[in-house]
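Take a look at the structure below.
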Amino acid sequence: MLLPGLVNAHSHLDLSGAAALPATAPFTDWLAGVGGIRSAERDIVESAYRESKSLASRGVVAVGDIDGSGGGGTAGRRRSLLGGVSYIEVLGVRRESARAQLAQSLALIDRIGGGAQALGLSPHAPYSVHSEVLPEIARAAKSRGLRLAMHLAETAEETRFMLRGDGPFVEFLQSAGRGLPFTDPPGVRPIAFADEAGLLAAGCVVIHGSDLDDDDIARLAAHRASVVYCHGTNVHFSRPRHRFPELLAAGVNVAFGTDSGLSNSGVDLFDELCKLRTDWMELDAMTLIRCASWGGRVALQHEPAAALLQPGSQADALLVSAPASAESRTASDLAGWALSGSAVPLLTFHAGVPSGGHEVLSGPLRAFLDTAVRHG
Numbered sequence: 622m623l624l625p626g627l628v629n630a631h632s633h634l635d636l637s638g639a640a641a642l643p644a645t646a647p648f649t650d651w652l653a654g655v656g657g658i659r660s661a662e663r664d665i666v667e668s669a670y671r672e673s674k675s676l677a678s679r680g681v682v683a684v685g686d687i688d689g690s691g692g693g694g695t696a697g698r699r700r701s702l703l704g705g706v707s708y709i710e711v712l713g714v715r716r717e718s719a720r721a722q723l724a725q726s727l728a729l730i731d732r733i734g735g736g737a738q739a740l741g742l743s744p745h746a747p748y749s750v751h752s753e754v755l756p757e758i759a760r761a762a763k764s765r766g767l768r769l770a771m772h773l774a775e776t777a778e779e780t781r782f783m784l785r786g787d788g789p790f791v792e793f794l795q796s797a798g799r800g801l802p803f804t805d806p807p808g809v810r811p812i813a814f815a816d817e818a819g820l821l822a823a824g825c826v827v828i829h830g831s832d833l834d835d836d837d838i839a840r841l842a843a844h845r846a847s848v849v850y851c852h853g854t855n856v857h858f859s860r861p862r863h864r865f866p867e868l869l870a871a872g873v874n875v876a877f878g879t880d881s882g883l884s885n886s887g888v889d890l891f892d893e894l895c896k897l898r899t900d901w902m903e904l905d906a907m908t909l910i911r912c913a914s915w916g917g918r919v920a921l922q923h924e925p926a927a928a929l930l931q932p933g934s935q936a937d938a939l940l941v942s943a944p945a946s947a948e949s950r951t952a953s954d955l956a957g958w959a960l961s962g963s964a965v966p967l968l969t970f971h972a973g974v975p976s977g978g979h980e981v982l983s984g985p986l987r988a989f990l991d992t993a994v995r996h997g
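Residue numbers (the working numbering): 622 to 997.
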């Protein structure tokens, strides 16, 4: 049985191999732990390469990866030949440090090849990049043809910080000696803040979007924005039920991601889809598969047609085991079975060509696939 190739629209390949950190309240305590992981000595290129290969073996054909390592995660992904977008992360609570990081990130992007190489910028979050530099990032992305992605509306604590300028984020930033990313609190929610900075108009992908109100959803719909939902991370932090079905109903593009292993039980998107299906049985499995394929392609500004399985297409696809009497079942029923935990991923196709995994297939099936590929 063929499924469309999966797109992991939010990952952190530069954190590959790190174990999950316990969820904390406030969220800022968990963030402090991530800083400790980042400062440890690791072979980032090699670990990102191995994780990219692992993702590809389980049906992922592209990732939206946030690279906070100065290019190590991007190098590992490109070495593996896994498709996708590498967003070079920009941090800097102080104005001068944010501008310096933006300049460094743009220089790195230029060395790699610019927007033509599916690169982008990721201002980390509203609390970690100075507010005056965000419009500069949006303008740089538009003028250079770069993608954008940002962690936005992830927690109620973040929303409180943007509205009133108080709460755990103040203590977190001041204890680190970083100051605050604004002189006065913006007084608006994170989505409106990003909009006013020009980020949404520049096509910025919203990562997480776990704390949205109705006005946020309407604003995202007006911009035809993309939101990436990471189910494992939402479960890890016991966050409220995500509003992605309402986003879909409003016309917002929804994609799925795994985030990093620091906030998840793993980074296997197919496995995460199965867990998501278990927790959202009221949703049609075809909807979930569409978000994990077509939705991810739209978010990454990749050609969505490669997610279409139709005669003559050179599609990206995932071959999985099929149930008995598959021919008599509806597509919706088959999709539900595929995400029930019963299907076994066998082989990933990229542009219609098998990209590895033949060793797990039987002789007759392998011969059939070889013949099918030769004849288009």
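No residue lacks a Cβ here, since even glycine has one placed at the ideal position from N, Cα and C.
From a predicted model like this one, the values you see are computed outputs, not experimental measurements.
Cut-off 8 Å between Cβ atoms - residues of its own chain near residue i, not counting five sequence neighbours on either side
i           : result
residue 895 : 960, 961 and 962
residue 774 : 780, 810, 811, 812, 827, 829, 830, 831, 832, 833 and 837
residue 749 : 712, 713, 714 and 802
residue 757 : 720 and 723
residue 852 : 863, 877, 893, 896, 897 and 900
residue 953 : 905, 906 and 907
residue 874 : 845, 846, 847, 848, 916, 919 and 920
Host beta strand (DSSP E) of residue i (start-end)
i           : result
residue 710 : 704 to 711
residue 624 : 623 to 625
residue 826 : 826 to 829
residue 866 : Here residue 866 belongs to no beta strand (DSSP E); instead the alpha helix (DSSP H) covers 865 to 871.
residue 969 : 966 to 971
residue 875 : 874 to 877
For residue i, the three-state DSSP class (helix, strand or coil)
i           : result
residue 850 : strand
residue 630 : strand
residue 772 : strand
residue 793 : helix
residue 642 : coil
residue 745 : coil
residue 857 : helix
residue 697 : helix
residue 801 : coil
residue 685 : strand
residue 740 : strand
residue 937 : coil
residue 975 : strand
residue 889 : coil
residue 636 : helix
residue 880 : strand
residue 714 : coil
residue 910 : helix
CB of residue i within 9 Å of CB of residue j, strictly
i           : j           : result
residue 801 : residue 838 : no
residue 956 : residue 624 : yes
residue 627 : residue 673 : no
residue 766 : residue 735 : yes
residue 632 : residue 880 : yes
residue 870 : residue 917 : no
residue 919 : residue 847 : yes
residue 882 : residue 652 : no
residue 886 : residue 630 : no
residue 821 : residue 840 : yes
residue 941 : residue 680 : yes
residue 943 : residue 934 : no
residue 689 : residue 729 : no
residue 932 : residue 778 : no
Cut-off 6 Å between Cβ atoms - residues of its own chain near residue i, not counting five sequence neighbours on either side
i           : result
residue 793 : 649
residue 814 : 747, 783 and 807
residue 884 : 854 and 857
residue 763 : 823
residue 861 : none
residue 872 : 842
residue 701 : 670, 673 and 674
residue 825 : 769 and 771
Beta-carbon contacts of residue i that lie in its chain and below 7 Å, excluding the five residues immediately before and after
i           : result
residue 978 : Legend: pLDDT at residue 978 = 49, less than 50; position of this residue unreliable, no value from coordinates given.
residue 704 : 682 and 683
residue 744 : 711, 750, 755, 758 and 771
residue 938 : 623, 624, 625, 626, 930 and 970
residue 913 : 627, 628, 877, 890 and 894
residue 910 : 624, 625 and 956
residue 785 : 806
Host alpha helix (DSSP H) of residue i (start-end)
i           : result
residue 663 : That residue, residue 663, is in no alpha helix (DSSP H); it is neither H nor E in DSSP.
residue 764 : 755 to 765
residue 953 : 952 to 959
residue 814 : 811 to 817
residue 840 : 835 to 843
residue 919 : 917 to 920
residue 930 : Here residue 930 belongs to no alpha helix (DSSP H), and DSSP marks it neither H nor E.
Check: residue i C-beta below 8 Å from any heavy atom of the ligand GTP
i           : result
residue 893 : In the structure on display, the ligand GTP does not appear, and there are no ligands present to speak of.
Contact between the region 694 to 707 and the region 739 to 750: three or more CB pairs below 8 Å? yes
Evaluate the contact criterion for the region 722 to 732 versus the region 657 to 673: three or more CB pairs, one atom per stretch, below 8 Å. no
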